[in-house]
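Chains as they are written, first to last, in the working numbering: chain A, 3 to 326; chain B, 556 to 932. Every residue gets a Cβ at the ideal spot worked out from N, C-alpha and C, and that includes glycine. Fair warning: this is a prediction, and the values are worked out from it, not measured in the lab.
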Amino acid sequence: MSASFPAMRVGDLGAADWSRRLSGRGAGVRVGPFDVLLRVGPTELHAHLQRLYADHPFLTGPRVYSCHARLRAAWHLGRPPARRVRFSVDGLAPHEDMPRGQGLAVLEWGLNLAIAMRFHGFLMLHAAVLERRGRALLMPAEPGSGKTTLAAALAMRGWRLFSDEFGLVRPGGTLLTPVPRPLPLKNDSIAVLGEYAPEAVRGPVIPNTRKGTIVHLKPPRDSVARANEPAPVRWIVFPRWRAGAELAIEELDPVDAFMGVATNAFNYELLGEAGFDSVRALVQAGRAYRLTYSKLPECVAALTRLADEDDLGDPDVVANAGER
Amino acid sequence: MRPGGLRTRSAHVEVRCAILAALADPESLLALPPADLDFTVRVTRRAQVLGRLALHLSARGLLERLPPTARDALAGALAMAESRARVTLWELDRIAWALREDAPTPLVVLKGCAYALLGLPNGAARLFADVDLLVPEARLGAVERRLVDSGWRGVELDAYDENYYRLWTHELPPMVHAEREVEVDLHHNLVMRTARSQPDPALLLAAARPLPDGRYAALAPVDMVLHAIAHLFLTSEIDDSVRELLDVDQMLRHFGAGEPGFWEELWPRAERLRLARPAYYGLRYASRLMGTPVPDRVLKAFEAAAPNGLVRAVMDVCVPLAVFPVHPDRRTVGAAAARFALYVRLHWLRMPPGMLVRHLARKFYVRHLRRSAPAGN
């Protein structure tokens with residue numbers, strides 16, 4: 003991917019230029035392995051998008067885009083008439099129109115959907131992924147389990163963010179591919195992160211979505227700049243937040259780890275044998291843990307200690323890093 | 556919208572040319588400039604033939620020569636097509652197992668599954684959604700009961716839709732196994748009960764040939780082609796059905812070259828099955844749009860089933876506009892009008908007028924007026 007890594011970033015464009023492109027033929031943005039062409043009608047979103055994607059490579063010139071995504075205003079003739087937004091990929095809308103005030107969240111969900119529906123050249127795990135000491139931490143978890151919050155907190159404390167949503171693995175290897183995007187904090191975790199990382203750049207408050215209130219956090223500059231550097235899996239952690247729980251990390255049996263990874267995937271079944279082989283390779287290459295926590299700083303410290311105290315002098319892991 | 560594209564060509568011609576060029580020679584993708592490759596990937600994905608292109612390139616080790624984003628797009632489409640083939644063939648296996656004790660004669664597999672089981676050139680990496688079986692009407696109840704006993708459930712429908720399927724159509728309401736997602740359609744004929752003209756299913760069943768696996772049969776080659784055509788022009792909406800026109804094209808080429816007596820049988824069989832008019836359209840548009848080599852004598856024989864000049868002229872305009880997908884960035888009024896015209900034609904042929912009015916009125920009510928209408932289409 004890095005052959006022609008573009009020098010220009012979204013934040014380098016003039017605001018008017020950026021806006022004109024979004025309203026017109028589209029603005030190309032590189033998001034990890036995906037080149038996305040964005041066309042966004044509602045102008046109130048343009049500045050927010052430029053801030054949240056400021057460090058992402060801006061693409062110019064003709065190319066094959068991974069997806070042509072479009073968000074546009076739509077009127078609904080109900081009683082009363084309502085302003086809505088319609089998300090579409092290559093001219094097809096995958097779901098019904100949503101309230102206009104939720105445009106930014108709709109666009110981000112839409113991109114998730116487009117990736118999950120299309121790119122079966124990857125095993126796509128439903129997981130947060132971060133990197134430290136050249137090794138990847140894979141945290142598979144169901145929606146609502148707090149993995150975005152945890153990913154955001156780790157990213158604000160020196161871990162390199164790969165994704166809060168997608169663990170991308172090429173079948174046959176154990177390398178995780180970064181796809182850094184804005185982090186959608188939900189409800190209570192907005193205030194928690196506000197306290198934890200007040201300096202982070204934020205998007206607008208989007209109330210009343212189907213997942214509650216959402217605020218997007220801009221991913222760290224370094225994570226975005228190094229999005230073309232994959233890392234081999236080392237730690238597979240299944241996080242569980244429980245009010246008032248004592249911090250606990252227990253090592254997990256490989257069989258349980260296998261089930262935990264396989265059941266938190268977008269396309270494990272679709273890939274068939276390749277899916278099975280990939281999950282087995284991940285579980286064999288990494289060490290699996292179950293993590294229960296209630297306090298975010300404590301949890302971040304524990305994971306950081308786990309990574310820093312790990313003896314990485316294992317020749318197998320280094321050998322794995324070379325395969326692609 | 557397309558940078559570098561020929562702005563003088565109509566949006567629709569641009570889409571059609573890109574799809575046909577890619578299908579005629581998948582390796583031509585390797586030489587396309589980036590903007591054209593981008594466009595080709597988009598429209599062939601929409602036409603559901605991207606997986607087919609991917610299979611061709613992947614089998615020759617050529618995927619690696621595409622730019623990374625294109626390679627990922629094709630690899631994804633190929634994995635998707637392979638997965639669909641795997642789960643539908645597994646569903647067939649489970650149905651054969653469920654019916655193992657009460658099947659005196661094998662059931663007839665239709666469409667995509669049959670193409671795959673026969674190893675036809677159009678069967679490879681073909682995205683297919685359902686399992687379609689042709690069952691003698693007398694056995695329909697028994698087969699349905701057996702499947703229900705083994706874990707399949709009818710998809711939940713309201714009373715109108717349930718009646719619509721059972722009284723008027725050529726199939727039962729779709730069934731899905733509780734543990735899986737593949738839709739199983741049990742047909743007793745190829746076109747709706749209410750259609751103006753329909754084949755005698757006994758003729759189709761009598762000519763069916765057992766498949767190598769011994770558990771299923773497939774329609775005879777001529778009947779299989781006629782069914783693919785009837786499906787295109789008589790039973791389903793024709794929108795975005797490049798893939799099905801490609802089925803017709805590929806099977807005509809395959810059987811035409813390898814199946815003795817295929818061309819001679821086509822006209823008499825089409826007449827016998829009362830599918831001469833749709834077959835006329837099928838041959839006409841396969842040869843005109845896909846360049847299918849249909850012998851002149853066969854085209855001449857089918858002239859007897861041609862509609863009047865006006866209808867034919869309208870079809871000549873409408874069919875290409877509907878079969879090929881619309882331009883992803885540019886809406887065209889022509890394509891929308893053509894699709895609507897063919898939609899009306901389809902329903903006119905499928906139902907008597909009084910029933911048609913009732914059916915369309917209800918569809919309009921459900922889609923636009925009913926309060927708690929289910930999402931999606």
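For residue 881/B, the residues of chain A that pass the 8 Å Cβ criterion are 93, in the order they occur in the chain. Taking C-beta atoms as the reference points, residue 70/A and residue 883/B count as a pair closer than 8 Å.
Within the stretch 634–673 of chain B, the runs of alpha helix (DSSP H) at least 4 residues long that lie entirely inside it are, in chain order, 666–673.
Shown here, residue 237/A sits in a strand according to DSSP, grouped into three states. Residue pairing for residue 731/B: DSSP places it in a beta bridge opposite 708/B, 738/B. One thing to note: residue 812/B has its Cβ no nearer than 8 Å to the Cβ of residue 825/B. When C-beta distances to chain B are compared with 8 Å, the residues of the stretch 67–93 of chain A below that value are 67, 68, 70, 92, 93, in chain order. In the pairwise beta carbon analysis, the stretch 583–591 of chain B is classified as touching the stretch 58–78 of chain A: at least three pairs are separated by under 8 Å. Residue-level contact check: residue 273/A touches chain B, since one or more beta carbons of chain B fall below 8 Å from its beta carbon.
Judged by DSSP in its simplified three-state form, residue 77/A adopts strand. The three-state secondary structure of residue 845/B, taken from DSSP, is helix. In this structure, the straight-line span from the alpha carbon of residue 822/B to that of residue 903/B is close to 25 Å. For residue 597/B, the chain A residues whose Cβ falls inside 8 Å of its Cβ are 70, 92, in order along the chain.
Residue pairing of residue 242/A in beta bridges, as defined by DSSP: 294/A.
Taking 8 Å as the upper bound on Cβ-Cβ separation, chain B lies near residues 35, 36, 37 of the stretch 29–61 of chain A.
Between residue 161/A and residue 880/B, the alpha-carbon positions lie close to 45 Å from each other. Between the alpha carbons of residue 31/A and residue 157/A lies a gap of roughly 21 Å. Using a Cβ distance threshold of 8 Å, residue 678/B and residue 671/B count as a contacting pair.
One alpha carbon belongs to residue 202/A, the other to residue 220/A, and they sit about 7 Å apart. The three-state secondary structure of residue 180/A, taken from DSSP, is coil. Proximity of the stretch 101–116 of chain A to the stretch 618–628 of chain B falls short of the contact definition, fewer than three beta-carbon pairs being nearer than 8 Å.
Within the model, the alpha-carbon separation for residue 891/B versus residue 794/B is close to 10 Å. Every alpha helix (DSSP H) stretch that sits fully inside the stretch 105–181 of chain A and reaches 4 residues is listed by chain position as 105–120, 149–157. Using a Cβ-Cβ cut-off of 9 Å, residue 120/A is close to 600, 627, 628, 631, 632, 635 of chain B, given in chain order. Ranked by Cα distance from residue 749/B, the options 828/B, 735/B, 720/B, 768/B are led by 720/B.
Taken through DSSP and simplified to helix, strand or coil, residue 100/A comes out as strand. Scanning chain B for C-beta atoms nearer than 7 Å to the C-beta of residue 123/A yields 627, 630, 631, 634, reported in chain order. Uninterrupted alpha helix (DSSP H) stretches at least 4 residues long and entirely within the stretch 198–279 of chain A occur at 223–227, 256–264, 270–273, given in chain order. DSSP, reduced to helix, strand and coil, places residue 583/B within a helical segment of the structure shown. The residue from 818/B, 735/B, 697/B, 779/B with its alpha-carbon nearest to that of residue 663/B is 779/B.
Neighbours of residue 613/B across chain A, judged by C-beta separation under 8 Å, do not exist; the nearest C-beta is about 11 Å away. In the structure shown, the three-state DSSP call for residue 47/A is helix.
Only residues of its own chain outside the window of five on either side were considered, and among them 75, 76, 77, 78, 99, 100, 101, 102 have a CB closer than 8 Å to the CB of residue 86/A, listed in chain order.
Taking residue 150/A as the centre and dropping the five residues before and after it, the same chain places the C-beta of 130, 166, 167, 185, 186, 187, 188, 191 closer than 8 Å to its C-beta, in chain order.
With distances taken between CA atoms, residue 828/B lies nearest to 752/B out of 654/B, 752/B, 894/B. From the beta-carbon of residue 638/B, the residues of chain A found nearer than 9 Å are 122, 269, 271, 272, 273, 274.
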